[in-house]
Amino acid sequence: MRAALSLLALMPLLALACGGGNDDSTSTSTSGQGGAGGVGGSGPGSGLPCDVEAVLQKNCRSCHDSSPKFGAPNPLVTHDDLHAAARSDSSKRIYELVGTRIHDDAKPMPPPPNARVSGDEAAILDAWVAAGAPASAESCGSGGAGGAGGEAPLGCTPDIELKPTSPYVMPQQVEDAYMCYGVTLQLDGRRHITTLAPLIDNSTIVHHMLLFAADAPYSTDPRPCSGATMGRLMGVWAPGGQALQLPAEAGFPVEGTAHFILQVHYSNLMGLSGEQDSSGYRLCSTTNLRPNDADIMAFGTTSINIPANGSQDLTCDLSIPNYIPELNIIAGMPHMHKLGRQIATSLFPGGSSPPVDLGSADPWDFDSQAWLDVSTKLKPGDLVRTRCAWNNPTPTNVQFGEDTSDEMCFGFVMYYPKIEFPQWNWGLPAFASSCSPTP
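Just so you know, the sequence shown maps onto residues -17 to -1, 1 to 422 in mature numbering (1 follows the signal peptide of the UniProt record, and there is no 0).
Written as structure tokens, this is what we have:
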């Protein structure tokens, strides 16, 4: 199953796509730049036992506060909130869904990249739910901040702002929307981008956001883009995500004319009117160039053919050839679309040493994608293995493609120094991998 990269095996490759979803139960944010943070608990009069109050305050209310954020459909603040009928199933109460979703490995709440509810905290909620979620007359004080929250210090002053020329106005009757806009920079000389920090304008409706580097300009006003691929992924943000800060040894190179596209997923499950948003990114850049250029490449495969009403499970290997220099991998991000079931990319040093995780998700959740910290080296003779599995309940075959109705199997890695071969393509590792059915 092993394959070596061939400089003769070059071809243009498609890039990546993302999207989102919704839920009635819990959600949280322990984010850095752009995160919701906590705005205080329900305090006296919530009607909740103090131990339940503390768990919800810590894990849930950065999104599900009295004024829900990031597309959350309801507050989880008072006893009445928890006993309200669930939007997704009116036969159930919201507290019942809370009790289910904290144990749901496929779509857990809080969602990644946030930490799961601890065992002790889950036991508190389980006992309360099993008892029928009774009210309490306890006085729990004024509450504290929900989660870590707030803006983590960047260590730099942003000097580039990527925003639309006009805000997106979300129609009251639309529950979910993917909108894209472009920003073109004209830069004097060569620079390194060192930090990508989300800039969240309207936290009520922004669900998640992606930043792409593009080869051509795009409309500067937000327009529908259906979650489709827009270029080469650079940044990803969802509630709980952190600003991306590169190590001091590297930066993303930009020079002259640089094109960016931002894709924002909006969620308006509450049917609010008059909601507008101009979210984007703030970048820190420097003319004091760092020692190395950083870049992104993708392992995995483009050879996907999932049968109708069936499944596919592939394992794809790539042996790193001698002409690839030693590289430092600093982050990884698995990526599939909505039919994905699981994905894992692993590095086997020397071809057979114990594996290093370059990014995995089992189960895969299309709505929760983020860069994961990695610190390892990639050398000639190493083996990189990516496994992807899908279930396809639709009546048609699904193959590789840009749109969310297509599928992908990419293990993205961020690395330095940038590979500078004239014919190098960031997607070549995925194209050149050798795949077979997973045993």
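Note that beta-carbon positions come from the ideal geometry of N, C-alpha and C, so glycine has one too. Here the structure is a predicted model, which means the values were calculated and not measured.
| Item | Value |
| --- | --- |
| Extent of the continuous alpha helix (DSSP H) to which residue 169 belongs | Counting along the chain, residue 169 falls outside any alpha helix (DSSP H), though it belongs to the beta strand (DSSP E) covering 159 to 182. |
| Whether residue 349 touches residue 338 by CB criterion (8 Å) | no |
| Spatial neighbours of residue 382 in its chain, beta-carbon cut-off 8 Å, leaving aside the 5 residues before and after | 287, 288, 289, 389, 390 |
| Candidates 187, 370, 327, of which the one nearest residue 254 by Cα | 187 |
| Through-space distance from residue 250 to residue 189, alpha-carbon basis | 6 Å |
| Alpha-carbon spacing of residue 421 relative to residue 303, whole angstroms | 21 Å |
| Residue 400 and residue 313 closer than 8 Å at C-beta | no |
| Burial state of residue 305 (16 or more Cβ within 10 Å) | exposed |
| Exposure label - residue 275; buried when at least 16 CB within 10 Å | buried |
| The alpha helix (DSSP H) enclosing residue 423, as first and last residue numbers | What is shown of the chain runs -17 to 422, which leaves residue 423 out entirely. |
| Close-in-space but distant-in-sequence residues of the same chain around residue 77 (CB under 8 Å, 5 per side omitted) | 7, 8, 57, 59, 64, 65, 66, 67, 68, 69 |
| Residue range of the unbroken alpha helix (DSSP H) whose run includes residue 154 | Here residue 154 belongs to no alpha helix (DSSP H), and DSSP marks it neither H nor E. |
| Delimiting residues of the alpha helix (DSSP H) encompassing residue 97 | It is not in any alpha helix (DSSP H) - residue 97 carries neither H nor E in the DSSP assignment. |
| Residues bridged to residue 235 (per DSSP) | 176 |
| Range of the contiguous alpha helix (DSSP H) that encloses residue 62 | 62 to 66 |
| Among 181, 144, 256, 203, nearest to residue 218 - alpha-carbon criterion | 181 |
| Limits of the beta strand (DSSP E) - the one that residue 324 falls within | 323 to 331 |
| Limits of the unbroken alpha helix (DSSP H) element including residue 34 | 33 to 42 |
| Separation of residue 73 from residue 346, as counted between CA atoms | 27 Å |
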